[in-house]
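K.L.:
Supplied in structure tokens, the structure appears directly below.
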Amino acid sequence: MKTNQVVRNEPLLYIVQPKLEPTVSYMQKSFKEEKKSSEKVEKDDRIHETDLKDVEQFFQENVKTKLFQDMDLEEKLQFLTTLPNQLSSIKCQLATKKRNYKGFICEYKNEHVIFQTEKHDKVNIPVEQIVSISLIGLGKEK
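Heads up, the sequence shown is in the working numbering, so the first residue is 61 and it goes up one at a time.
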């Protein structure tokens, strides 16, 4: 392998260039790689396939996610009150038997929901009166 190579072309950096000495660059021209035997490759592939199948099966059994629309009222309330701290609160529309509210769910305790409206009023709503909950988008306040 040749480690020193002289660059024959001078760099074309300026329109009028001073006479420069040829540059010597140290670079590798070629490399050699040992190939794995086909038996080892096939064995590795089989191991990876079984590992992937086990991992996929684990996630399918343990992670059961539902769409928000498919959840019942209790699950929706639990979901909206137990969001991780990294997520901001989710703005939603809460429909009761008497009227509709837009805002954020603050708390869900003892069959009552404390709901903060867009006008920053906190309303205590019994769960029995809630007809539906639908998501509007991400909000800034809680």
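Note that CB positions come from ideal geometry on N, CA and C, so glycine has one too. Since the model is a prediction, treat every value here as computed from it, not as a measurement.
Between which residues of its own chain and C166 is the CB-CB distance below 6 angstroms, once the five residues before and five after are set aside?
P.N.:
Same-chain partners within the cutoff: I174, Q176.
K.L.:
Pull up the distance between the alpha-carbon of I193 and that of I185, whole angstroms please.
P.N.:
Between I193 and I185, the C-alpha separation is close to 13 angstroms.
K.L.:
What do you reckon, are the CB atoms on E178 and K158 nearer than 9 angstroms?
P.N.:
No, Cβ-Cβ distance for E178 and K158 is not below 9 angstroms.
K.L.:
Short of 8 angstroms in beta carbon distance, which residues of its chain neighbour N160, apart from the five on each side in sequence? Order them along the chain.
P.N.:
Contacts found: Q153, L154.
K.L.:
Quick check on T125: does DSSP put it in helix, strand or coil?
P.N.:
The answer is coil: DSSP assigns T125 none of H, G, I, E or B.
K.L.:
Hey, V191 and T141 are a contact pair by Cβ (cut 8 angstroms); roughly how many whole angstroms apart?
P.N.:
At roughly 18 angstroms, the Cβ-Cβ gap does not stay under 8 angstroms, so V191 and T141 are not in contact.
K.L.:
Under a three-way DSSP split, which group does K179 fall into?
P.N.:
K179: coil per DSSP, three-state reduction.
K.L.:
What residue range is occupied by the uninterrupted alpha helix (DSSP H) comprising Q138?
P.N.:
Its alpha helix (DSSP H) spans residues 133 to 141.
K.L.:
Would you kindly work out how many angstroms separate the C-alpha atoms of L143 and K169, rounded to a whole number?
P.N.:
For L143 and K169, the distance between alpha carbons rounds to 15 angstroms.
K.L.:
Of all the options N145, V187, K95, F164, which has the alpha carbon lying nearest to the alpha carbon of H172?
P.N.:
Nearest C-alpha to H172: V187.
K.L.:
Please state whether DSSP places E93 in a helix, a strand or coil.
P.N.:
Three-state result, E93: coil.
K.L.:
Reducing DSSP to helix, strand and coil, say where E81 ends up.
P.N.:
Residue state, collapsed to three classes: coil.
K.L.:
Is the CB-CB distance between K126 and E134 below 9 angstroms?
P.N.:
Not a contact, by the Cβ cut-off of 9 angstroms.
K.L.:
According to DSSP, simplified to helix, strand and coil, what is E167?
P.N.:
Strand at E167.
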